[in-house]
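Notes follow once the structure below has been shown.
Numbering (our numbering), first residue to last: 28 to 180.
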């Protein structure tokens, strides 16, 4: 009887934990949950490089994505490489090419060279799709940058 009661209690605890997570994830962000400012982007990039150097790829991906979504083309390059290698993120040449294309469009020469090397790993259609996805990311980044500028006023 006690084992059965314990199982029910643990099941209720798990259910409550899941409800707490769901509530947290779906909560409306408050004014403190904004995209990073220019200085935050630089700090995120440095943290990403630190974790990359120490081979803590999931943390590197987290911080590099934050910097990449703030428009940092070096972070976009490294994030693209993480996707291509499958380090800290699911392996995806498609997503890697998208991030590398975005970095290249902003003048990152390392991204341009890498794109030439990995282009053969996708069909022409998938390569074009990845570039279209990069354009969507570009739009998202610039909308968020515009939103942050308006919020700072």
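From the three backbone atoms N, C-alpha and C, an ideal C-beta is built for every residue, glycine too. All values derive from a computational prediction rather than experimental measurement.
If you reduce the DSSP assignment to three classes, tell me which class residue 134 lands in.
coil
CA nearest to the CA of residue 154, picked from 128, 132, 168 and 163
Between residue 154 and the set 128, 132, 168 and 163, the nearest pair of CA atoms involves 128.
Starting from residue 94, trace the alpha helix (DSSP H) in both directions and tell me its first and last residue.
Here the alpha helix (DSSP H) through residue 94 covers 84-95.
Hey, how far is the Cα of residue 85 from the Cα of residue 74?
12 Å
Check whether the stretch 165-173 touches the stretch 135-143, taking contact to mean three or more Cβ pairs, one atom from each stretch, closer than 8 Å.
no
Verify whether the separation of the beta carbon atoms of residue 21 and residue 160 is less than 9 Å.
This structure cannot settle anything about residue 21, because the visible part of the chain is limited to 28 through 180.
Quick check: what's the CA-CA separation for residue 92 versus residue 101?
Cα to Cα, the separation comes out at about 11 Å.
Grab the span of the alpha helix (DSSP H) containing residue 103 for me, first residue to last.
100-112
Assuming residue 130 contacts residue 115 (C-beta within less than 8 Å), just tell me the rounded distance between them.
So it is not a contact: roughly 17 Å between Cβ atoms.
Local Cβ density within 10 Å of residue 157, reported as buried at 16 or more and exposed below that:
Burial state of residue 157 is buried, judged by a 10 Å Cβ sphere holding 16 or more other Cβ atoms.
Looking at the structure shown, is residue 116 part of a helix, part of a strand, or coil, going by DSSP?
coil
Which residues in the same chain have their Cβ closer than 6 Å to the Cβ of residue 110, if we skip the five residues on either side of it in sequence?
116, 119, 122 and 123
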